Each structure stands twice: as structure tokens, then as C-alpha cells.
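Residue numbers for the sequence shown follow our numbering, beginning at 10 and rising by one. Accompanying notes for the structure given below.
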Amino acid sequence: MNGELLHVWPQTWVEIWSKLKKARNAPKDLYIELIRQLVPAPIEPEVPAAPPAAAFNENGELIDPEYLRIRDAYHQSHAEFDQRRMSRENALSGDDTQAYFKNALTSVTTEEDAVAFLEKAYGTLETFDEEAELKAKFRELVLDFLSKFSLRYELRDEFSLNPTIAGVFVKMLAEVKRLTAGDDHINELLAEFDDAFADLKIARTPARMKTCLQKQYNLLEAIGATYPGVEAETLGAMCDQLDWPHATIKEVGKKLYGFGSNYPGLRHGGRRRAALRPLDMKDFVSISLMLAAFTPYVIAELEPDRCYTG
């Protein structure tokens, strides 16, 4: 599970909407009002421009193949519009309302739309006399849903779905995998890192921690090497060619590289005296997260807003 609402959106029917309708104080027209407020009315297709005279024969019949195609496409789209409009009007009048609302949920196709749908639904409940009870029940159902599916959101203020810090990290790593999917070299290094990370379940020894961090350093450098204008091959040298908001952040990147190069047995043999003590899980978690936090600086195609909003 990647923590995104959209991936489990179909489950909202059973876990949220059906249960809300079955609540003790749920009004009979609950779905009707949700449709009215949340499901946009179909938009009538625009009438195409009139064909030029040359598109007709001497009897006034349309013969131009392209304009015939445009006309037929318009008639088809208008017939579909009429059908959608009738279905919506029937649902608003109480005919097959539940089925219509359930089907309308499938029109939510982005993470941002899914979040907006839930937030707007909460606001819609204020139109009912049972507002307080309905809002409390809806909030309870959504909280249970977030917990059950380990989603990357927390419910704040009156009803605002906000991404968690952990969720932003998860989304960022998913975006990195998506953006580098076509690079065989990066995919190979990513697989090696995933394997090394999985090996920690067997035993969280200093040796396995160092191996995993080594694979993460390699992966970060391989991604950084694809950044436009970067010609360096090591993370430390790359720091002089990347874009930073402040010199201190650049120095942090260099210090991280220095740790990887100087800590004995991590990326080089080194000298034993360079280590103040053996690595433990506290060190591994901290350093691995710091390396992950630098990922947005080394991948040009990453859209940071997508990591937050989905």
C-alpha cells in the first residue's frame, strides 16, 4: 500500500458512504443532496461550426467526409449527453439514486479530486437538520478509513485532509521510481538498495546497515548524474553543481558524502580510528532519512507539489 487515497477509493463505498446512509439519523435524501453538491451536471456538447458551401452538393446534401464525421460525432456525443442528463435528473428525483451515486464515485480519477470530494461532502452535510450527528458520523468513518488502509493523511481543523510528513516521503520515493523507470542503470541500483533494505529484517547488524547505506549512496549518485549540467560522479562533487537555497544546505550534502567516504567499511576500508563507535539502528534510520531528504535536489523532473498533494 502506497498510502494514497485514490488506490483504495472504490472501498469508500462500503466503508464510508453505505455506512453513512445506514446511520441512525441519516435523512432519506442523503444521496440526492450529495449528488447535487458533488457530482457535476453533464455539459452539453458545443454545436460545431456550419460547414462551408463547398461541403454540400448541388442538392444541398452534406457530402464532405470530414464534415460528415464532425456531424456524426456531434450527434453521438449529444445522444450520450442526453442519456447522462436523464440519468442525473432521475437520480435527483429519487429513481436509482443509490446506484447513480455509487457509479459517480468512479469519476474520481486523481488523488487531489479524491481529497476534495471528501472535504466537500463534509460541507454538504450542513444542509441537513441532522447536521451535527451526520458530520460526527462522517468524521468517524473517514478517520476509521484512514487508519484501516494506513493512508498518508491526518484529519485537521474542522475537516481538512492534510498529508503527513511520512506520507510526503512515501509519495516522493514513489515519484522517483516512476520518473526513473526507463533507466536500466538506476533500476538496477534501486533493486540492490531494496534487497539490502529487506536484508535488515534478517538481522540489523552494523554490516548490513553499512551495506544498505552504501547502496543508497550509489543510488543517489546515479540519480544525481542525470541532472542537467552535472558532470561530477560523486555526491560531494555534485554538491558544487546543484541548485541550493543556502550554502549551509550544500555543506550538509558534502558532510553526508564525507561521512560515507570516511566511516570505515561503509564505502571504503578506511581506518578503524575514524569511527567513534559501531553503527546502530538509530544511526541507520537518521542517515538513511537524511539521504532520502536530499533526493529532490538531485532529480530535475521531480515535481515537489505532487509529493504533497498527490
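Idealized CB from N, CA, C, for every residue including glycine. Every value quoted in this text rests on a predicted model; they were computed, and no experiment measured them.
I want to know whether the stretch 127–135 touches the stretch 37–51 - three or more CB-CB distances under 8 angstroms. Output reads yes: the stretch 37–51 touches the stretch 127–135.
Per DSSP, what kind of secondary structure is Leu170 in: helix, strand or coil? Taking the first residue of the sequence shown as position 1, residue 170 is located at position 161. In the structure shown, Leu170 sits in a strand (DSSP, three-state: E or B).
Helix, strand or coil for Phe90? Go by DSSP, reduced to three states. As a first step, residue 90 must be located in the sequence shown, where it is residue number 81. Note: Phe90 maps to helix in three-state DSSP.
Identify every residue that forms a DSSP beta bridge with Arg165. As a working note, residue 165 is residue 156 in the sequence shown. Beta-bridge pairing links Arg165 to Ser169.
Can you tell me whether DSSP reads His16 as helix, strand or coil? Along the sequence shown, read from residue 1 onward, the residue named residue 16 stands at position 7. It is helical.
Select from Ala216, Ala284, Gly69 and Val56 the residue whose C-alpha is nearest the C-alpha of Ile79. Counted from its first residue, the sequence shown places residue 79 at position 70. The residue with the shortest Cα to Cα distance from Ile79 is Val56.
If you reduce the DSSP assignment to three classes, tell me which class Leu311 lands in. Sequence index remark: in the sequence shown, residue 311 carries index 302 (1-based). Under the three-state reduction of DSSP output, Leu311 falls in the coil class, being neither helix nor strand.
Count the other CB atoms, across all protein chains shown, that sit within 10 Å of the CB of Ile174; report buried if there are 16 or more and exposed otherwise. Counting from 1 along the sequence shown, the entry for residue 174 is found at position 165. Exposed, since its Cβ has fewer than 16 Cβ neighbours within 10 Å.
If you count every other CB in all the chains shown that lies within 10 Å of the CB of Lys157, and 16 or more means buried, which is it? Here residue 157 corresponds to residue number 148 of the sequence shown, with the count starting at 1. Its Cβ having fewer than 16 others within 10 Å, Lys157 is exposed.
Range covered by the alpha helix (DSSP H) that runs through Glu197: One-based indexing of the sequence shown puts residue 197 at position 188. Per DSSP, Glu197 belongs to the alpha helix (DSSP H) from Asp193 to Asp208.
Take the Cβ of Met95 as the centre, count every other Cβ of all protein chains shown within 10 Å, and call the residue buried at 16 or more, exposed below. Counted from its first residue, the sequence shown places residue 95 at position 86. The residue is exposed, with fewer than 16 neighbouring Cβ atoms inside 10 Å.
Less than 9 angstroms between the C-beta atoms of Ile258 and Thr304, yes or no? In the sequence shown, counting from the first residue as 1, residue 258 sits at position 249. In the sequence shown, counting from the first residue as 1, residue 304 sits at position 295. At a Cβ-Cβ threshold of 9 angstroms, Ile258 and Thr304 do not count as neighbours.
His84 by DSSP, collapsed to three states: which one? Within the sequence shown, the letter at position 75 stands for residue 84. His84: helix per DSSP, three-state reduction.
Taking the alpha-carbon positions, what's the Phe206 to Val239 distance? Indexing the sequence shown from 1 puts residue 206 at position 197. Indexing the sequence shown from 1 puts residue 239 at position 230. Their Cα atoms are separated by approximately 28 angstroms.
Would you mind listing the beta strand (DSSP E) stretches within the stretch 23–66 that are 3+ residues and don't spill past its ends, in chain order? Runs of the beta strand (DSSP E) inside the stretch 23–66: none found.
Looking at the structure shown, is Pro273 part of a helix, part of a strand, or coil, going by DSSP? For the purposes of this step, residue 273 is taken as the residue at position 264 of the sequence shown. Pro273 falls in the strand class under three-state DSSP.
Return the chain-ordered list of same chain residues with a C-beta closer than 7 angstroms to the C-beta of Ile25, the five sequence neighbours on each side being excluded. The sequence position of residue 25 within the sequence shown is 16, counting from 1. So the list reads Leu150, Val151 and Phe154, once near-sequence residues are dropped.
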